[in-house]
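Accompanying notes for the structure given below.
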Amino acid sequence: MSIIKVNNLTTKFGNRVIHDKISFQVNQGEIFGVLGGSGSGKTTLIKQIVMLQEIQEGEIFFLNKNISNITMKDSLEIKNNFSYLFQFGALYSFLNVLENIEVMLKEYTNLPIELIQEVALTNLKLVGLKEEHANLYPSELSGGMKKRVALARAIAIDPKVLFLDEPTSGLDPSSADQFNELILNLKKMLNLTIIIITHDLKTIKNTLDRFIIINDANIVFNGDITTALNKNDIFLNDFLTIKKDEKNGY
Ligand SMILES: Nc1ncnc2c1ncn2[C@@H]1O[C@H](COP(=O)(O)OP(=O)(O)O)[C@@H](O)[C@H]1O
Ligand SMILES: [Mg+2]
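Quick look at the structure:
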């Protein structure tokens, strides 16, 4: 069943067309990838889906509800289903790990503080951190641990759909592998639909069920990695191989 449907979405900045009538669907329970070169409109697309950026032309549906023209009240209700980890999404440096995870819970729920702390602690453990990390400050954490805390913060509000914008960028290869594994486990445990913007070939190969590639404002591919590689298409092979070389040159 499709949980998100994008129909003929067109986005322009000045004279520049970023999306030219693009259409695709994301199915419930999928780990879905959004791929494309730098500046191809990936982040803009995700921000439009989570209603942080205006939809200029075309339509986006969440669970069959048209989010391009809904009331404020409905939009708040729908927003409660989304959680995101944006590129460079930083932790609050003046809050410790547990307090960082509590931020969303305090903002979006009316739970008593004891319960908030309990939920935060549960989520801390879900992302593979330990109770002893709870009182550390972001400056005391490795890059991989920071990402885990940000992820714990995002899943703490129990979203239906989780959006991750380049989650493994900046991580060393082994931390990136561990993060990818964590994503797979979380999906299974929490019954999430996950949408990932990535150019990490390992993520593309091992984590994504399906992906789209945006190029020149259009979707030039929509399918899984096996289909992409079996096509023997010069652009697709180049796109996926160039990414591999970048990775090897780490
Ligand atoms: N609010 C905005 N106003 C003008 N230009 C923008 C805006 N947001 C993004 N852009 C431009 O649109 C293009 C796509 O941006 P973005 O979606 O961030 O790409 P990506 O995430 O694929 O790297 C870029 O050229 C960017 O500079
Ligand atoms: Mg981006």
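Counting in my numbering, the sequence shown runs from 248 upward without gaps. For each residue, glycine too, the CB sits at the ideal point set by N, CA and C. Everything numeric in this text was worked out from a predicted model, so none of it was measured.
8 Å Cβ shell around I404 - same chain, five flanking residues per side excluded: Cβ neighbours of I404 beyond the five flanking positions: N327, S330, M351, L352, Y355 and T356.
Got a sec: does ligand 2 put a non-hydrogen atom nearer than 8 Å to the Cβ of I444? Relative to the non-hydrogen atoms of ligand 2, the Cβ of I444 comes within a distance shorter than 8 Å of at least one.
Residue burial classification, F341 (beta-carbon count within 10 angstroms, cutoff 16): Under the 10 Å beta carbon count, F341 is surrounded by fewer than 16 other beta carbons and is classified as exposed.
Could you name the residues of the same chain whose beta carbon sits closer than 8 Å to that of K294, not counting the 5 residues immediately before and after it, in chain order? Taking C-beta separations shorter than 8 Å and ignoring five residues to either side along the sequence, the partners of K294 in its chain run Q300, following chain order.
Whole angstroms is fine: what's the gap from K312's alpha carbon to E379's? Roughly 43 Å separates the two Cα atoms.
Suppose you measure from the CA of D492 to the CA of L455; what does that come to, to the nearest Å? Because the pLDDT at D492 is just 48, under 50, the model does not fix this residue reliably, and the value given afterwards should be weighed accordingly. If you take the alpha carbons of D492 and L455, they lie about 20 Å apart.
Tell me whether K289, by its Cβ, gets closer than 8 Å to a heavy atom of ligand 2. True, at least one ligand heavy atom lies under 8 Å from that Cβ.
When DSSP builds the beta bridges, which residues end up paired with N313? Note: N313 is bridge-paired with F308 in the DSSP secondary-structure output.
At a cut-off of 8 Å, is D412 close to ligand 2 when judged by its beta-carbon and the heavy atoms of the ligand? The answer is yes for D412.
Quick one, which of T318, K268, M319 and T291 has its alpha-carbon nearest I466's? Nearest C-alpha to I466: K268.
Exposure label - M392; buried when at least 16 CB within 10 Å: Looking at its Cβ environment, which holds 16 or more other Cβ atoms inside 10 Å, M392 is buried.
Pick helix, strand or coil for Y331, following the three-state DSSP scheme. Reduced to three states, the DSSP call for Y331 is strand.
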